[in-house]
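Residue numbers (the working numbering): -19 to 282.
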């Protein structure tokens, strides 16, 4: 029986270009394999379909939002005849965080080739396409960018992505991920945390010899979100009992994770939590921010 509704739910409309599929906010032409208008969700920002050259048929993400979701994983299985592994997820998240050289920051085939040829160095040294690591600035900005890919109710996926990118924590196993925080070396050897550097970090929050303090925050942010705060505090002290800077950063990170889990702050505010807690430069909270809601103290809790 003929129907105007596609099997994935889109309504089909006839036009001079033939059938057009209504995705709710805009139309896609199956003839051109392209949307016919910009992304209505983020008009002034990057196009969430742009990584697929404005086509939902390449690197499919039917939600148009998540860098990693069930739809993406299903499409990956169809394309590669296997489940995505941690490296596949890291590649996907890297392309969501860093801009490509195409229009609106889209990743081109040349970008993927460049990344694939020197992937380990990009993670080890940070940066891509001239986007150099700058410490707090690049770290918080990257977290801001990642947050734009998620909508309310997807906090679990957002925190898991942070854990994988900056903490090297396995994406699919929270228990193993939390356990790895007690002895992270083997995990980091497999999933190197993204290097951001320590530029403009408060010096009292930097372990001597540490060059990438963001990884310490990420692990305990993860624990604060998925577990009770006392678990995060306990692991922090068991691992860094004689390291005052790491204790302070770890406790603050646990608090940040708990705030997101409790709904006290939203995902788009996590970058500001990082800036306000660790940036060596004085800053002022903006209107309707966590700080303006009397949540501006995020340091160590005695």
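In this text, a Cβ means the ideal position worked out from N, Cα and C, and glycines have one as well.
Nothing here was measured: the structure is a model prediction, and the numbers come from that model.
Contacting residues, own chain, Cβ-Cβ under 8 Å from residue i (five flanking each side not counted)
i, result
"residue 106", "112, 113, 118, 174, 175, 176 and 177"
"residue 192", "173, 175, 176, 177 and 178"
"residue 182", "258, 259 and 260"
"residue 223", "187"
"residue 144", "66, 69, 70, 73, 150, 151 and 171"
"residue 90", "81"
"residue 237", "139, 200, 201, 202, 203, 204, 205, 206 and 212"
"residue 135", "205, 240, 241 and 247"
"residue 115", "176, 177, 178, 179, 180 and 181"
Span of the alpha helix (DSSP H) around residue i
i, result
"residue 245", "Segment: none, residue 245 is in no alpha helix (DSSP H) and carries neither H nor E."
"residue 97", "89 to 97"
"residue 260", "Per DSSP, residue 260 belongs to no alpha helix (DSSP H) and is neither H nor E."
"residue 67", "66 to 77"
"residue 202", "194 to 206"
Sequence-distant residues of the same chain with beta carbon closer than 7 Å to residue i, five excluded per side
i, result
"residue 146", "173, 174, 194, 195 and 198"
"residue 68", "56"
"residue 213", "231 and 234"
"residue 227", "216, 217, 220 and 280"
Coarse secondary structure for residue i, derived from DSSP in three states
i, result
"residue 221", "coil"
"residue 49", "coil"
"residue 0", "strand"
"residue 249", "helix"
"residue -7", "strand"
"residue 7", "strand"
6 Å Cβ shell around residue i - same chain, five flanking residues per side excluded
i, result
"residue 247", "127, 130 and 138"
"residue 229", "185, 196 and 197"
"residue 251", "120, 123 and 124"
"residue 254", "120"
"residue 239", "245"
"residue 47", "72, 73, 76 and 129"
"residue 62", "none"
"residue 64", "53 and 56"
Beta carbon proximity, residue i to chain B, threshold 8 Å
i, result
"residue 50", "Note that chain B does not occur in the displayed structure, where there is just one protein chain."
Unbroken stretches of the alpha helix (DSSP H), 4 residues or longer, contained in the segment 94 to 137: 99 to 105 and 116 to 127
Given 8 Å, three or more beta-carbon pairs between the segment 87 to 104 and the segment 58 to 78: yes
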